[in-house]
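Chemist: Okay, handing you the structure first.
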Amino acid sequence: MRLLLGLARIVALGGMLALAGCVTAANNSLSQSDIAGMKLTGVAVSFAPDARIQWEDGLRAYADSKAVSLEQAATMADAPEVKAFVQGLLAPRIKAGVEQVLVARLAGTRPVRLDIRVKSLLFPSAIQRVVIGGHRGMIADANLVDARTGALIVAYPELNAALYTGQGIVGAAVQAAIDNNATQTPVDKVSVRYGEIYRNWLLKDGGA
Numbered sequence: 000m001r002l003l004l005g006l007a008r009i010v011a012l013g014g015m016l017a018l019a020g021c022v023t024a025a026n027n028s029l030s031q032s033d034i035a036g037m038k039l040t041g042v043a044v045s046f047a048p049d050a051r052i053q054w055e056d057g058l059r060a061y062a063d064s065k066a067v068s069l070e071q072a073a074t075m076a077d078a079p080e081v082k083a084f085v086q087g088l089l090a091p092r093i094k095a096g097v098e099q100v101l102v103a104r105l106a107g108t109r110p111v112r113l114d115i116r117v118k119s120l121l122f123p124s125a126i127q128r129v130v131i132g133g134h135r136g137m138i139a140d141a142n143l144v145d146a147r148t149g150a151l152i153v154a155y156p157e158l159n160a161a162l163y164t165g166q167g168i169v170g171a172a173v174q175a176a177i178d179n180n181a182t183q184t185p186v187d188k189v190s191v192r193y194g195e196i197y198r199n200w201l202l203k204d205g206g207a
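Each residue of the sequence shown is one higher than the one before, starting from 0 at the first, in numbering that gives the first Met the number 0.
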């Protein structure tokens, strides 16, 4: 087990560096004094009407709530009721992960809110990663607005937060070992990663 975890960390580091190299950041014209004066009062998470969501745990939770099989739930994945159920589970976790990263760094006096509009959130299953591959990640618009007026302050459209995920038979097995020993779920990790990338961009802290 230790060997698998050690190997996974090395592979994951290389993968994350490769994925990070693909990110193209939006322009941030805010000054340091502008940023220093901001106080984050909340994070609001919504989903685009055509948002692409692939999250087996959410479908499984829906299946359990309706006493149906996971296979049955999968056939209904595009139904409005199922989408609303899954999004309802995801939104507070995304909100918590991003707030965890940002609250302490935006502690000025001007109240601001971060509006996140999810366009894609993918968590490919182990079987998919064995057969065709795929990494975990989220693409979402991030709009920082004045909490009092709702006026847009600065926008980062389609911010992409991706995490390397084990591929193939060996990679999937190693990833399973990591997930089983982790204190955070994959959704939590991606949410925190999204918050970190946004924080580094907003505060101009350097590379994400």
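Virtual Cβ for every residue (Gly too), placed ideally from N, Cα, C.
Could you give the residue range of the alpha helix (DSSP H) that holds residue 89?
Modeler: Here residue 89 refers to the residue found at position 90 of the sequence shown. Its alpha helix (DSSP H) spans residues 79-101.
Chemist: Apply the 10 Å Cβ neighbour rule to residue 36 and answer buried if 16 or more other Cβ atoms are within range, or exposed otherwise.
Modeler: As a position in the sequence shown, residue 36 is number 37, starting the count at 1. Classification of residue 36: exposed, given that the 10 Å Cβ count is below 16.
Chemist: According to DSSP, simplified to helix, strand and coil, what is residue 105?
Modeler: As a working note, residue 105 is residue 106 in the sequence shown. Note: residue 105 maps to coil in three-state DSSP.
Chemist: In chain order, what residues of the same chain have a beta carbon less than 8 Å from the beta carbon of residue 157, not counting five sequence neighbours either side?
Modeler: In the sequence shown, counting from the first residue as 1, residue 157 sits at position 158. Excluding its 5 nearest sequence neighbours in each direction, residue 157 has C-beta neighbours in its own chain below 8 Å: 118, 138, 139 and 140, listed in chain order.
Chemist: Assuming residue 143 is part of the beta strand (DSSP E), what are its boundary residues?
Modeler: Numbered from its first residue, the sequence shown carries residue 143 at position 144. Taken as a continuous stretch (DSSP letters only), the beta strand (DSSP E) holding residue 143 covers 135-145.
Chemist: CA-CA distance, residue 149 and residue 68?
Modeler: Against the sequence shown, residue 149 aligns to sequence position 150. Against the sequence shown, residue 68 aligns to sequence position 69. Going from the Cα of residue 149 to the Cα of residue 68 covers about 43 Å.
Chemist: Along the chain, where does the alpha helix (DSSP H) that runs through residue 159 open and close?
Modeler: In the sequence shown, counting from the first residue as 1, residue 159 sits at position 160. Segment 151-162 is the beta strand (DSSP E) holding residue 159; no alpha helix (DSSP H) there.
Chemist: Using beta-carbon positions only, say whether residue 29 and residue 153 come within less than 8 Å of one another.
Modeler: Counting from 1 along the sequence shown, the entry for residue 29 is found at position 30. Counting from 1 along the sequence shown, the entry for residue 153 is found at position 154. Yes, they are a contact pair.
Chemist: Reducing DSSP to helix, strand and coil, say where residue 118 ends up.
Modeler: For the purposes of this step, residue 118 is identified with residue 119 of the sequence shown, where counting begins at 1. In this structure, residue 118 counts as strand in the three-state DSSP scheme.
Chemist: Below 8 Å on the Cβ atoms is my contact criterion, and I expect residue 54 with residue 120 to pass it. Report the Cβ-Cβ distance as a whole number of Å.
Modeler: Residue numbering aside, residue 54 sits at position 55 when the sequence shown is read from its first letter. Residue numbering aside, residue 120 sits at position 121 when the sequence shown is read from its first letter. Between residue 120 and residue 54 the Cβ distance is about 7 Å, and since that is below 8 Å, they are a contact.
Chemist: Out of 46, 155, 26 and 76, point me to the one whose CA is closest to residue 90's CA.
Modeler: Counting from one through the sequence shown, the residue named residue 90 turns up at place 91. Checking every option, the nearest Cα to that of residue 90 belongs to 46.
Chemist: Inspect the beta-carbon positions of residue 136 and residue 113 and report whether they are closer than 8 Å.
Modeler: Position 137 of the sequence shown, counting from 1, holds the residue named residue 136. Position 114 of the sequence shown, counting from 1, holds the residue named residue 113. One thing to note: residue 136 has its Cβ no nearer than 8 Å to the Cβ of residue 113.
Chemist: With a cut-off of 8 Å, do at least 3 Cβ pairs link the stretch 183-195 to the stretch 98-105?
Modeler: yes
Chemist: I need the straight-line Cα distance from residue 65 to residue 52, nearest angstrom please.
Modeler: Within the sequence shown, numbered from 1, the residue matching residue 65 stands at position 66. Within the sequence shown, numbered from 1, the residue matching residue 52 stands at position 53. Cα to Cα, residue 65 sits roughly 20 Å from residue 52.
Chemist: Output needed for residue 16: all residues of its chain with C-beta closer than 8 Å, excluding positions within five of it in sequence on either side, in chain order.
Modeler: Residue numbering aside, residue 16 sits at position 17 when the sequence shown is read from its first letter. Only weak support is given to the placement of residue 16: the predicted model assigns it a pLDDT of 38, under 50, and the question is left unresolved by the model.
Chemist: Just confirm the distance between the C-beta atoms of residue 92 and residue 190, as a whole number of angstroms; I'd bet it's less than 8 Å.
Modeler: Taking the sequence shown and counting its residues from 1, the one referred to as residue 92 is at position 93. Taking the sequence shown and counting its residues from 1, the one referred to as residue 190 is at position 191. Between the beta-carbon of residue 92 and that of residue 190 there is about 6 Å, and that keeps the pair under the 8 Å contact cut.
Chemist: Just to confirm before moving on: does the CB-CB distance between residue 76 and residue 88 stay below 8 Å?
Modeler: Translated into positions along the sequence shown, residue 76 becomes position 77. Translated into positions along the sequence shown, residue 88 becomes position 89. Contact flag unset, no.
Chemist: Which ranges would you report for the beta strand (DSSP E) in the stretch 27-62 if only whole runs of at least 3 residues count?
Modeler: Fully enclosed beta strand (DSSP E) runs of 3 or longer: 37-54.
Chemist: May I ask you to report which of helix, strand or coil DSSP gives residue 202?
Modeler: In the sequence shown, counting from the first residue as 1, residue 202 sits at position 203. Here residue 202 sits in coil by DSSP.
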